[in-house]
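A short write-up of the structure that comes next.
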Ligand code: PMP
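See below:
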């Protein structure tokens, strides 16, 4: 049966983790893996999450099955955080295993409605986007979203892609904290995209995986909210894995805005049917933590404060890097944990071999992998490899 299978390349970032771990140099720096790190270099369990877990341990009486839609209270509690005002019964959501599960479920929903639909996808993007949409049988139509050499968004390329699309087509958009470039649409660009999406009848599918790690919870959702105000149909793949630090617990949701409340119910029933054949039901523990936090005013404010501090720390590292080398000034105009340096593979390899500086082969850096005090060493290593 399986003789015909070709060997698949290992995940390059996961391989990088192993290499970094094995490196004995005490001065090594890890800008590779895409998780938040605090000022002591660890990916913390947030205090609100710890407290919620304690509450769950004490109060949970069963681990019996949920349903394929997950916990509807968890989904409802997220709605105001994502959308601000609740658009009402045209908006529905189901719980998913992380943002990845939400993207896959959304892609399959689109494929069920319109097999082979075209998905406009800006490059570069999170490396898992294309395989997810392709695996669901959709057709990728790439356009340039970000010019790494010039560190500029290519809004005109995005607009041209939208102008060439129409009803039945989909556009994938990063809600905030673009991975891998940190290049986010500003208010004017979101308005331009929203106008084009509406005029052309394109379905927007927003990937919102880092809300709160950029400029703040509301600021990071401003684009989605502007887009979804006065919109016919749209999808949002949401992840709580970064903004609650729940990575391995796999917490997310797929939201859908349908044309009518009745269409929303049909959409929900299709999401549920697709969830059923994929994972039957999503894992409960992480979503129960988020629900427990959001049901408590005290825990919610604890979570918000900690998230605010995380975002502030990331911005401080960006500022420290820009201060250490003016050529990195662009970092302060970008958002979230990631940026992509215009740097060639030979220098990336030399940074690793000669200086113990680990970054993805694409030049993507996780700013949160650094401490403010690491900025001079990082900049010196860049200079030493001739960047
Ligand atoms: N979208 C983007 C842009 C991401 O960077 C990630 C995670 N790296 C995800 C979605 C998926 O997140 P999750 O871990 O919740 O599946």
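Numbering (this note's numbering), first residue to last: 1 to 387. Note that CB positions come from ideal geometry on N, CA and C, so glycine has one too. Remember, it's a predicted structure, so these values are computed and weren't measured experimentally.
The Cβ atoms of residue 302 and residue 105 do not sit closer than 7 Å to each other. Cα atoms of residue 163 and residue 138: separation of roughly 20 Å, rounded to the nearest angstrom. Between the ligand PMP and the CB of residue 98, the shortest heavy atom gap is smaller than 6 Å.
Under the criterion of beta carbons closer than 8 Å, residue 112 and residue 270 qualify as touching, at roughly 6 Å. Secondary-structure assignment with DSSP links residue 139 through a beta bridge to 118. Residue pairing by DSSP puts residue 204 in a beta bridge opposite 171. Around the beta carbon of residue 19, a 10 Å sphere encloses fewer than 16 other beta carbons of the protein chains shown; the residue is thus reported as exposed. Remark: C-beta atoms of residue 31 and residue 348 do not approach each other more closely than 7 Å.
The shortest CA-to-CA distance from residue 129 to any of 296, 100 and 150 is the one to 100. The residues 331, 332 and 367, in chain order, have a CB closer than 6 Å to that of residue 318 in the same chain once the five nearest residues on each side in sequence are set aside. In the DSSP assignment, residue 237 falls within the beta strand (DSSP E) that extends over 234-239. Separation of residue 313 and residue 68 (C-alpha to C-alpha, rounded to the nearest whole angstrom) is 37 Å.
If one requires a minimum length of 4 residues, the alpha helix (DSSP H) runs lying completely within the stretch 346-386 are 375-384, in chain order. In the DSSP annotation of this structure, the continuous segment of the alpha helix (DSSP H) that includes residue 298 starts and ends at 297-324. By DSSP's assignment, residue 146 forms a beta bridge with 153. Counting only residues of its own chain and dropping the five nearest sequence neighbours on each side, residue 320 has a CB closer than 7 Å to the CB of 372 and 375. Just so you know, the alpha carbons of residue 152 and residue 329 end up roughly 13 Å apart. Using a Cβ-Cβ distance cut-off of 8 Å, the stretch 235-245 and the stretch 198-216 are in contact, since at least three pairs of beta carbons, one from each stretch, lie closer than that value. Residue 83: member of the alpha helix (DSSP H) spanning 72-83, first to last residue. In this structure, residue 235 sits away from residue 216, with a CB-CB distance that is not shorter than 7 Å.
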